[in-house]
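Asker: Protein chains in written order, with our numbering: chain A, 120 to 320; chain B, 3 to 228.
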Amino acid sequence: MHRRRRRHRHGGGDRLSTDVASLERAALSAALARVADGDRAALQEVYRRTSAKLYGVCLRIFPEPEDAQDVLQDAYINVWQRAGSFDPARASPITWLVTLTRNRAIDRLRQRGKRIMTPIEDVHEIADDRPDAEACLIAADGDARIHGCVEALAKGDASLIRTAFFDGATYADIADRAGIPLGTIKSRIRRALMKLRDCLQ
Amino acid sequence: MRDDDDLLAAEFAIGLLDPQEAAAVQARARLDAPLSLRIAWWRDQLSPLADRGAVEPPQYIWRGIERRLAANDDASGRVTRWRNTAIGAMSIAAALVAYIGLAPPPQPVYVTKTVAAPAPMIAMLTGQGGSQVALVVDDQGHFRTAPGHLEPGKRYPELWVIPADGKPRSLGVFDAHGRSAHSVTPAMRKLMAEGMTFAVSLEPAGGSPTGLPTGPVVATGKLIRT
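1. Helix or strand or just coil, what does DSSP make of PRO149 (chain B)?
2. Just to confirm, is the Cβ distance from ALA221 (chain B) to LEU161 (chain B) under 7 Å?
3. DSSP beta-bridge partners for HIS184 (chain B)?
4. If you drop the 5 nearest sequence neighbours on each side, which residues of the same chain put their C-beta closer than 8 Å to that of GLY155 (chain B)?
5. Tell me which residue opens and which closes the alpha helix (DSSP H) that ALA263 (chain A) is part of.
6. Under 7 Å, do ILE164 (chain B) and THR199 (chain B) count as touching if we go by C-beta distance?
7. Would you kindly report the start and end of the unbroken beta strand (DSSP E) that includes MET123 (chain B)?
8. What three-state label does DSSP hand ILE294 (chain B) in the structure shown?
9. Contact criterion: CB-CB distance below 7 Å. Does ALA294 (chain A) meet it with respect to chain B?
10. Assuming ARG229 (chain A) and GLY157 (chain A) are in contact, meaning their beta carbons sit under 8 Å apart, how far apart are those beta carbons, in whole angstroms?
11. Look up ARG227 (chain B) in the DSSP assignment and give the residues it is bridged to.
12. Taking C-beta pairs closer than 8 Å, name the residues in chain A that TRP64 (chain B) reaches, listed in chain order.
13. At a Cβ threshold of 7 Å, is ALA291 (chain A) touching chain B?
14. Once the 5 residues before and after PRO207 (chain A) are set aside, which same chain residues still bring their CB inside 7 Å of it?
15. Please tell me whether ALA195 (chain B) has its Cβ less than 7 Å away from any Cβ of chain A.
16. Can you give me the C-alpha to C-alpha distance between TYR290 (chain A) and VAL217 (chain A), rounded to a whole angstrom?
17. Going by alpha carbons, who is nearest to GLU143 (chain A) out of A:ALA202, A:LEU162, A:SER211 and A:LEU301?
18. Less than 6 Å between C-beta atoms, sequence neighbours within five positions excluded: which residues of the same chain meet that for GLY129 (chain B)?
Below you can see the structure in the form of structure tokens.
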């Protein structure tokens, strides 16, 4: 009984949310195409549809609202300039927008030479006691696998990946911050990336 | 795909490489289609990480953007800046063209703002079941098709251009199994332009009987100038 109800709710909900997501995606792609033609109203539409999400991305990288807001503005100016390079056959519009926003944020971090010297959380925790298969099953339940797949990594590895992703930290930066030799950090992150790939595929 | 390259794609997409290494990967990805596709895959997978929790930005942000757009209007950047996109559609399409064996365009594709003579335009049409067709268009009304992967079954691939009015115009049936060269009528030449969308549908022998696609559209893509 419980199983059936769950499956029912899950199945229907998934289909509906898939439909909504693909409509949203189509609307966004169409708006971006008009932005590429120089249509400002279309940029406003893109903004209306995505600014809350992209502001969330900015705040994740720059917790101070002032910086996050500057990055958000830069990002939309960049959307205006580059919409012509968006190819709906190649990337989802939201991936394109998130990648662009994150790149602007990381540019800004680097421009400032902002080296965040805070230690990386849990970096020395490398024991992985959760079986991968189970963790990936948990991952498969949500809509974005990546969250579950990063969770499924050993804690220390997960925080290394997050540091790289959110701080724009290179191998060398991470080695500095974690106080671990470069070669060690590289092979550790590479192993984590391969696990991540296996989980994502 | 070798494991090494997949790792490289992941490292590049996350931003782990130092600037010189990243520049080298970017340059390589222009000519190495599997590598650029892996970078696109990793970006797609990773981007939800950044997008946890939507926060409504304050109202004045949009007004600030509008003000900056006005200031931006006289800057010439808009038209040309897309060329600088790191691994944009252009480089992926160019990479795929090279990958499936067409002669690479005569100009290096990473020329930025100083392109003198018009380089050919290309599109990588992709879609259902991994279909891939490269399209190369010059400014004299000639184009070439090169299927990378196409399974037409008993049907024949037909190429369409879809202008802003959304109505597909046929460019004719092309060879599903090898490269072929074609010309367009003078009236159609203005449609063979940068930014246009192209599509491939599968049609009965001789092409669509109705003048519009009747079979499944198996690949689409945008034409870009190299």
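By construction, the Cβ of each residue, glycine as well, lies at the ideal position given by its N, Cα and C atoms.
Answerer: A quick look at the data gives this:
1. By one-based count along the second sequence, residue 149 (chain B) stands at place 147. PRO149 (chain B) falls in the strand class under three-state DSSP.
2. As a first step, residue 221 (chain B) must be located in the second sequence, where it is residue number 219. As a first step, residue 161 (chain B) must be located in the second sequence, where it is residue number 159. In this structure, LEU161 (chain B) does not lie closer than 7 Å to ALA221 (chain B) by Cβ.
3. As a first step, residue 184 (chain B) is located in the second sequence; it is residue number 182 there, counting from the start. In DSSP, HIS184 (chain B) forms a bridge with B:PHE145.
4. Counted from its first residue, the second sequence places residue 155 (chain B) at position 153. LEU204.
5. Sequence index remark: in the first sequence, residue 263 (chain A) carries index 144 (1-based). Unbroken run through ALA263 (chain A): none, as it is neither H nor E.
6. As a working note, residue 164 (chain B) is residue 162 in the second sequence. As a working note, residue 199 (chain B) is residue 197 in the second sequence. Yes.
7. Sequence index remark: in the second sequence, residue 123 (chain B) carries index 121 (1-based). Looking at the DSSP string, the run of the beta strand (DSSP E) that includes MET123 (chain B) is 123-129.
8. Since the first residue shown for chain B is 3 and the last is 228, residue 294 (chain B) is missing from the structure and cannot be characterised.
9. Working through the first sequence from its first residue, we reach residue 294 (chain A) at position 175. So, not an interface residue.
10. Here residue 229 (chain A) corresponds to residue number 110 of the first sequence, with the count starting at 1. Here residue 157 (chain A) corresponds to residue number 38 of the first sequence, with the count starting at 1. Contact flag wrong, Cβ pair sits at about 31 Å.
11. Along the second sequence, one-based indexing puts residue 227 (chain B) at 225. Looking at the DSSP assignment, ARG227 (chain B) forms a beta bridge with B:MET123.
12. Here residue 64 (chain B) corresponds to residue number 62 of the second sequence, with the count starting at 1. The answer, in chain order, is GLN163, TYR166 and SER170.
13. The count along the first sequence starts at 1 and reaches residue 291 (chain A) at position 172. Taking Cβ atoms only, chain B reaches closer than 7 Å to ALA291 (chain A), which makes this a yes.
14. Here residue 207 (chain A) corresponds to residue number 88 of the first sequence, with the count starting at 1. Result list for PRO207 (chain A): SER148, in chain order.
15. Translated into positions along the second sequence, residue 195 (chain B) becomes position 193. No, because no Cβ of chain A sits closer than 7 Å to the Cβ of ALA195 (chain B).
16. For the purposes of this step, residue 290 (chain A) is identified with residue 171 of the first sequence, where counting begins at 1. For the purposes of this step, residue 217 (chain A) is identified with residue 98 of the first sequence, where counting begins at 1. Taking the straight line from one Cα to the other gives about 22 Å.
17. Locating residue 143 (chain A) in the first sequence gives position 24, where the first residue counts as 1. Among A:ALA202, A:LEU162, A:SER211 and A:LEU301, the Cα nearest to that of GLU143 (chain A) belongs to A:SER211.
18. Locating residue 129 (chain B) in the second sequence gives position 127, counting from the first residue. Once the five neighbours on either side are set aside, the close Cβ partners of GLY129 (chain B) are VAL220, ALA221 and THR222.
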